[in-house]
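**Q**
In my numbering, the protein residues as written are 3 to 426.
#1: Taking 9 Å as the cut-off, decide whether the C-beta atoms of residue 244 and residue 23 are in contact.
#2: Taking the alpha-carbon of residue 377 as reference, which of 71, 115 and 214 has the nearest alpha-carbon?
#3: Under 9 Å between the Cβ atoms of residue 74 and residue 255?
#4: Would DSSP call residue 326 helix, strand or coil?
#5: Cα separation between residue 7 and residue 239?
#6: May I have a chain-ordered list of the alpha helix (DSSP H) segments no shorter than 4 residues that lie completely inside the stretch 197–226?
#7: Is residue 225 closer than 9 Å to residue 321 when the C-beta atoms are compared?
#8: When the Cα atoms are used, what is the spatial distance from residue 264 to residue 34?
#9: Compute the Euclidean distance between the alpha carbons of residue 325 and residue 97, then round it to the nearest angstrom.
#10: For residue 408, does the three-state DSSP call read helix, strand or coil?
#11: Buried or exposed, going by whether 16 or more other CB atoms sit within 10 Å of the CB of residue 85?
#12: Which residues in the same chain have their Cβ closer than 7 Å to the Cβ of residue 42, if we skip the five residues on either side of it in sequence?
#13: For residue 57, which of 399, 420, 418 and 423 has the nearest alpha-carbon?
#14: Measuring alpha carbon to alpha carbon, tell me which of 187, 285 and 319 ends up nearest residue 147.
#15: Smallest Cα separation from residue 384: which of 285, 80 and 306?
#16: What do you get for residue 270, buried or exposed, if any count of 16 or more other CB atoms within 10 angstroms of its CB means buried?
#17: Do residue 202 and residue 417 have their C-beta atoms closer together than 9 Å?
#18: Taking only three categories from DSSP, how would you classify residue 190?
#19: Which same chain residues end up closer than 7 Å to residue 176 when comparing Cβ atoms and leaving out the 5 residues on each side of it in sequence?
#20: Check for me: the alpha helix (DSSP H) holding residue 346 runs from which residue to which?
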C-alpha cells in the first residue's frame with residue numbers, strides 16, 4: 003500500500019509540462035469559444051470539437067516526444083531544419099505573444115470586474131466599470147509578470163496543478179447542477195444551423211485555439227526541457243503527463259460546450275460576440291437559471307481558467323522568443339535577465355494594446371484565433387517532419403498525423419476560398 007502511494011505521489015510530482023499546457027490551453031478557447039458554440043448551436047458543434055482535438059493530437063504530442071528523444075526543444079529542431087523555419091516561427095510568435103497576452107489579460111480582468119460587481123461594486127457606472135477593467139488588466143498582467151520573475155518555473159509548475167485541478171472539479175460541479183435544472187426555451191425559438199457558410203468564420207476561430215494554438219507545442223517542448231533539468235523524469239511518466247494534460251483539455255472543452263448548451267441555448271436571448279461582454283452575460287444567465295448564489299461559482303471557474311492561461315502564456319511565449327533570439331545570435335544559453343526582458347516587453351506592449359485599442363480586443367482575439375488555425379498546417383507539417391525524420395512512428399500515429407494535416411490544410415483552403423468571395 004505504501005509503495006503504491008509513494009509511486010503515485012512521485013508521478014504527480016513529476017507532472018509539469020503537460021499540466022502547464024492544459025493551463026495555457028483552457029482559456030479563450032474553452033470559456034468563450036466552447037461555451038458560445040453550445041449557446042449558439044446546442045450540441046451540433048460537439049463533433050467539430052472532438053475532431054479538431056483528435057486531429058491536432060499528434061502535433062502536440064511531438065513537442066514532448068521529440069524533446070525527450072533528442073534532448074533539445076522543437077525550436078532547436080526548427081533551426082536544424084533550416085534558418086527560414088526558425089525566422090518564420092520567431093516572427094509569428096512575437097505577433098501571437100502580444101495579441102494573445104492582451105486578449106487573455108483583458109478577459110481575466112473582465113471576470114474579476116464581474117466578481118467585484120457581484121459582491122460590492124454593483125453601483126458602478128458602465129464608464130467606471132470600463133476604467134476598472136483597464137486597471138484590473140494592468141494588475142493581472144503585472145501580477146503575472148511578478149509571479150514569473152520572482153517565482154520562476156517552479157512556481158508556474160506547482161500553481162498550474164492547483165489551477166487545473168480546481169477548474170476541473172468546479173466545472174464538473176457546474177455541469178452536474180445544470181443537468182438537473184430545467185431552463186425555459188423560447189416559444190418561437192428556431193434551431194439555428196452551423197452548417198452554413200455564414201457560420202464558417204466562427205467554426206474556424208473555434209478550431210484555431212482548440213485545444214490551443216499549435217505553436218504551444220514548441221513552448222511545451224521548452225517546458226519539458228526545463229522540467230528535465232530540474233528533475234529527471236522517465237520517458238513513460240513524461241508522456242503520461244502530456245496525455246493527461248491534453249485529454250483533460252479535450253474533456254473540458256466538451257464540458258464547457260455542455261454548459262452553453264444546457265444553460266443558454268434556446269432561451270431566445272441574443273448571444274454577445276465580444277469576449278468580455280459574453281463572459282458577463284454568461285455569468286448573469288447562469289445565475290438566473292441555477293440561482294443567484296451560483297454567479298460566484300461560475301465566475302470562479304472562469305477566473306481560474308483564464309488567469310492560469312495568462313500566467314502560462316506570459317511565460318511560454320516569452321520563453322520561446324528568448325530561445326529563438328539565442329539561436330539566431332548563436333549564444334550558448336538564455337540568460338535569466340534576457341528572459342525577464344522578454345516577459346516585461348510582452349506585458350508592456352500588451353498593456354499598450356489594451357489601453358489604446360481596448361474597443362478592438364474582441365476583434366483582435368477573433369483574428370488571432372483564425373490566424374492560429376490558418377497557420378496550423380504549417381506548424382503541424384513541421385512538427386511531423388521533425389519526428390518522422392528522426393524516428394520510426396507507429397502506424398496509427400503516422401496515419402493520424404497525415405489525416406490531421408489533410409484535415410487542417412483542407413479546412414484552411416476551404417476557408418481562404420470562402421474569404422476570396424468565390425463561395426457565396
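Note that CB positions come from ideal geometry on N, CA and C, so glycine has one too.
**A** Working from what's here:
#1: Indexing the chain shown from 1 puts residue 244 at position 242. Indexing the chain shown from 1 puts residue 23 at position 21. Yes.
#2: Residue mapping note: residue 377 aligns to position 375 of the chain shown, counting from 1. Minimum Cα distance to residue 377 is reached at 214.
#3: By 1-based counting over the chain shown, the position of residue 74 is 72. By 1-based counting over the chain shown, the position of residue 255 is 253. No, they are not a contact pair.
#4: On the chain shown, position 324 is the one that residue 326 refers to. Three-state DSSP puts residue 326 in a helix.
#5: By 1-based counting over the chain shown, the position of residue 7 is 5. By 1-based counting over the chain shown, the position of residue 239 is 237. Confidence is the limiting factor: at residue 7 the pLDDT is only 39, short of 50, which leaves the residue's position unreliable and the question unanswerable from this model.
#6: The alpha helix (DSSP H) runs of length 4 or more contained entirely in the stretch 197–226 are, from start to end of the chain, 202–210.
#7: By 1-based counting over the chain shown, the position of residue 321 is 319. By 1-based counting over the chain shown, the position of residue 225 is 223. Here residue 321 is near residue 225, since their CB atoms are less than 9 Å apart.
#8: One-based indexing of the chain shown puts residue 264 at position 262. One-based indexing of the chain shown puts residue 34 at position 32. C-alpha separation (whole angstroms): 15 Å.
#9: What you label residue 325 is simply residue 323 of the chain shown in a count that begins at 1. What you label residue 97 is simply residue 95 of the chain shown in a count that begins at 1. For residue 325 and residue 97, the distance between alpha carbons rounds to 16 Å.
#10: By 1-based counting over the chain shown, the position of residue 408 is 406. Residue state, collapsed to three classes: helix.
#11: As a working mapping, residue 85 is identified with position 83 in the chain shown. Residue 85 should be labelled exposed.
#12: Position 40 of the chain shown, counting from 1, holds the residue named residue 42. For residue 42, where only same-chain residues beyond five positions count, the Cβ hits under 7 Å are 194 and 273.
#13: Residue numbering aside, residue 57 sits at position 55 when the chain shown is read from its first letter. Closest by alpha carbon: 399.
#14: Numbered from its first residue, the chain shown carries residue 147 at position 145. It is 319.
#15: Counted from its first residue, the chain shown places residue 384 at position 382. The residue among 285, 80 and 306 with its C-alpha nearest the C-alpha of residue 384 is 80.
#16: Mapped onto the chain shown, residue 270 falls at position 268. Exposed, since its Cβ has fewer than 16 Cβ neighbours within 10 Å.
#17: Translated into positions along the chain shown, residue 202 becomes position 200. Translated into positions along the chain shown, residue 417 becomes position 415. The answer is yes: Cβ separation under 9 Å.
#18: Taking the chain shown and counting its residues from 1, one reaches residue 190 at position 188. Coil at residue 190, not helix or strand.
#19: One-based indexing of the chain shown puts residue 176 at position 174. Only 261, 299, 300 and 303 meet the Cβ criterion.
#20: If you number the chain shown from 1, residue 346 lands on position 344. Residue 346 -> alpha helix (DSSP H) spans 338–358.
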